[in-house]
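A.B. asks:
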Amino acid sequence: MSEAARKFSGTNVLITGASKGIGGACARQFAHHGATMWLTDIDDAAGTELTAELGPNSQYRHVDVTLESDWDALMSEIEERGQPIDVLVNSAGAAIKAPLIKTSLVQFRTMLELNLVGTFLGIKSVAGQMSDGGSIINLASLRGVLATAELGAYGASKFGVRALTKVAALELADRGIRVNAVCPGSIDTGITASRDFADDDVEAYTQTIPMQRRGTPEEVAKVILFLAGDDSSYITGADLLVDGGTGAGARTPKKSTQKV
Ligand SMILES: NC(=O)c1ccc[n+]([C@@H]2O[C@H](COP(=O)([O-])OP(=O)(O)OC[C@H]3O[C@@H](n4cnc5c(N)ncnc54)[C@H](O)[C@@H]3O)[C@@H](O)[C@H]2O)c1
Numbered sequence: 274m275s276e277a278a279r280k281f282s283g284t285n286v287l288i289t290g291a292s293k294g295i296g297g298a299c300a301r302q303f304a305h306h307g308a309t310m311w312l313t314d315i316d317d318a319a320g321t322e323l324t325a326e327l328g329p330n331s332q333y334r335h336v337d338v339t340l341e342s343d344w345d346a347l348m349s350e351i352e353e354r355g356q357p358i359d360v361l362v363n364s365a366g367a368a369i370k371a372p373l374i375k376t377s378l379v380q381f382r383t384m385l386e387l388n389l390v391g392t393f394l395g396i397k398s399v400a401g402q403m404s405d406g407g408s409i410i411n412l413a414s415l416r417g418v419l420a421t422a423e424l425g426a427y428g429a430s431k432f433g434v435r436a437l438t439k440v441a442a443l444e445l446a447d448r449g450i451r452v453n454a455v456c457p458g459s460i461d462t463g464i465t466a467s468r469d470f471a472d473d474d475v476e477a478y479t480q481t482i483p484m485q486r487r488g489t490p491e492e493v494a495k496v497i498l499f500l501a502g503d504d505s506s507y508i509t510g511a512d513l514l515v516d517g518g519t520g521a522g523a524r525t526p527k528k529s530t531q532k533v
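Just so you know, we're using my numbering here: the sequence shown kicks off at 274 and counts up by one.
#1: Less than 6 angstroms between the CB of Ala365 and some heavy atom of ligand 1, yes or no?
#2: In chain order, which beta strand (DSSP E) runs of at least 3 residues are fully inside the stretch 398-422?
#3: Unbroken beta strand (DSSP E) runs of length 3 or more, entirely within the stretch 415-476: which are they?
#4: Compare the C-beta of Arg301 with all C-beta atoms of chain B and state if any pair is closer than 7 angstroms.
#5: Could you check whether the Cβ of Pro329 sits closer than 6 angstroms to any heavy atom belonging to ligand 1?
#6: So, under 8 angstroms CB-CB, Gly517 and Val418 are touching, yes? Tell me the CB distance rounded to an integer number of Å.
#7: Compute the minimum distance between the beta carbon of Val286 and the heavy atoms of ligand 1, and state whether it is under 6 angstroms.
#8: Considering only DSSP beta bridges, list what Asp314 is partnered with.
#9: Check whether the Cβ atoms of Pro490 and Gly294 sit closer than 7 angstroms, and answer yes or no.
#10: Return yes when at least one heavy atom of ligand 1 lies under 6 angstroms from the C-beta of Val338, else no.
#11: Looking at the secondary structure, which residues open and close the beta strand (DSSP E) in which Leu287 lies?
#12: Compare the Cα-Cα distances from Thr284 to each of Gln356, Ile450, Leu389 and Ile482 and report the closest residue.
#13: Helix, strand or coil: how does DSSP classify Ala300 here?
#14: Look up Leu323 in the DSSP assignment and say whether it is helix, strand or coil.
#15: My output table needs one value for Asp503: the three-state DSSP class, helix, strand or coil.
#16: Looking at the unbroken alpha helix (DSSP H) that takes in Val362, where does it start and where does it end?
#17: Under 8 angstroms, with one C-beta from each stretch per pair, do the stretch 369-377 and the stretch 412-429 reach the 3-pair mark?
#18: Under three-state DSSP, which class holds Asp516?
#19: Compute the distance between the beta-carbons of Gly296 and Leu323, then report whether it is under 7 angstroms.
#20: Flag this pair as yes or no: are the beta carbons of Ala346 and His305 separated by less than 7 angstroms?
#21: For ligand 1, is there any heavy atom lying closer than 6 angstroms to the beta carbon of Thr383?
#22: Within the continuous alpha helix (DSSP H) that includes Leu347, where are the two ends?
#23: Let me check one thing: in DSSP terms, what residues is Gly488 bridge-paired to?
#24: When you compare the CB positions of Asn411 and Ala446, do they come within less than 7 angstroms of one another, or not?
#25: Since Gly406 and Ile450 should fall inside the 8 angstroms C-beta cutoff, what is the C-beta to C-beta distance between them, to a whole number of angstroms?
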């Protein structure tokens, strides 16, 4: 077995929103490092295809993270197998973009239900059966650290995910379970390609990122694997920004094209 394949060999990983984007990139990285995986999503076609690509150590289940009954069914199956989860990645999520006064109550509740309640149900359902010493990684967002106009519902849900992360870290520390949040900036996935973001000037936005480029799902997945494994053994309750420097502060605009 290669050194890479040994890193998470024997580790049982559960990923939500695993069919695509950041969750999908995590699935590929964990597979590369030898993990056994439960991939879950509501996009069954993409999830089944990815699972087939990753091989026999991965299995796909339909889990809508907002439905406690879906979580209960999955956790019963996992309990029957007698192989408790060691790592949970709560990646399922979506974004809507609208000024608060144009956000309908249904839209606002949908955001909270998916991003915040979905993460709560993930922690609540899995942590009770999790191996002591396990690790939970929640996908928050840079927009859950810096308030952003037109991302009120999304931002509220992601500020909430950071709060949940810290409370869970405090409550689970005596079992050695670590709980951390990753806060990506702008990452090139389906979420930012959706209709709500169609009018955004991506070029101009990219210029505001200190590193002058958007991130990739793989760059976020690598940080998630760091938080999942022993290399981060003394980190819990943290928010890790993966944002090309955007959250560090503002750059002073220059008159010319001079770089410094
Ligand atoms: N892409 C970014 O720029 C960015 C930035 C910050 C945070 N995030 C967060 O990262 C996470 C992953 O986003 P992504 O960029 O990979 O988006 P994505 O759209 O590529 O993937 C999201 C996945 O979640 C699944 N999903 C949606 N609703 C679900 C539900 N009810 N139950 C289960 N699965 C569901 C989708 O089918 C999809 O496979 C999200 O929580 C998102 O808010 C993304």
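From the three backbone atoms N, C-alpha and C, an ideal C-beta is built for every residue, glycine too. Nothing here was measured: the structure is a model prediction, and the numbers come from that model.
C.D. replies: Quick look at the numbers:
#1: Yes, since a heavy atom of ligand 1 falls inside the 6 angstroms radius drawn around the Cβ of Ala365.
#2: Taking 3 residues as the minimum length, the beta strand (DSSP E) runs contained wholly in the stretch 398-422 are 408-412, in order along the chain.
#3: Within the stretch 415-476, the complete beta strand (DSSP E) runs of at least 3 residues are 451-457.
#4: The chain labelled as chain B is not found in the depicted structure, where only one protein chain is given.
#5: No, the beta carbon of Pro329 sits no closer than 6 angstroms to any heavy atom of ligand 1.
#6: Rounded to the nearest angstrom, the Cβ distance from Gly517 to Val418 is 14 angstroms, too far for a contact under 8 angstroms.
#7: Result no, Cβ not under 6 angstroms from ligand 1.
#8: In the DSSP assignment, Asp314 is bridged to His335.
#9: Yes.
#10: Val338 Cβ: within cutoff of ligand 1.
#11: Residues Asn285 to Thr289.
#12: Considering only Gln356, Ile450, Leu389 and Ile482, the residue with the shortest C-alpha distance to Thr284 is Gln356.
#13: It is helical.
#14: DSSP places Leu323 in the helix class (H, G or I) of the three-state scheme.
#15: Helix, per DSSP.
#16: First-last for Val362: Val360 to Asn363, but that is the beta strand (DSSP E), not the alpha helix (DSSP H).
#17: Contact between the stretch 369-377 and the stretch 412-429 is present: three or more C-beta pairs spanning the two stretches fall below 8 angstroms.
#18: Residue state, collapsed to three classes: coil.
#19: For the pair Gly296 and Leu323, the CB atoms are not nearer than the 7 angstroms cut-off.
#20: Between Ala346 and His305, the C-beta gap is not smaller than 7 angstroms, which leaves the two residues out of contact.
#21: For ligand 1, not one heavy atom lies less than 6 angstroms from the Cβ of Thr383.
#22: Element bounds for Leu347: Glu341 to Arg354.
#23: Under DSSP, Gly488 forms a beta bridge with Ile460.
#24: Contact flag unset, no.
#25: Right, the Cβ-Cβ distance comes to about 7 angstroms (below 8 angstroms), so this counts as a contact.
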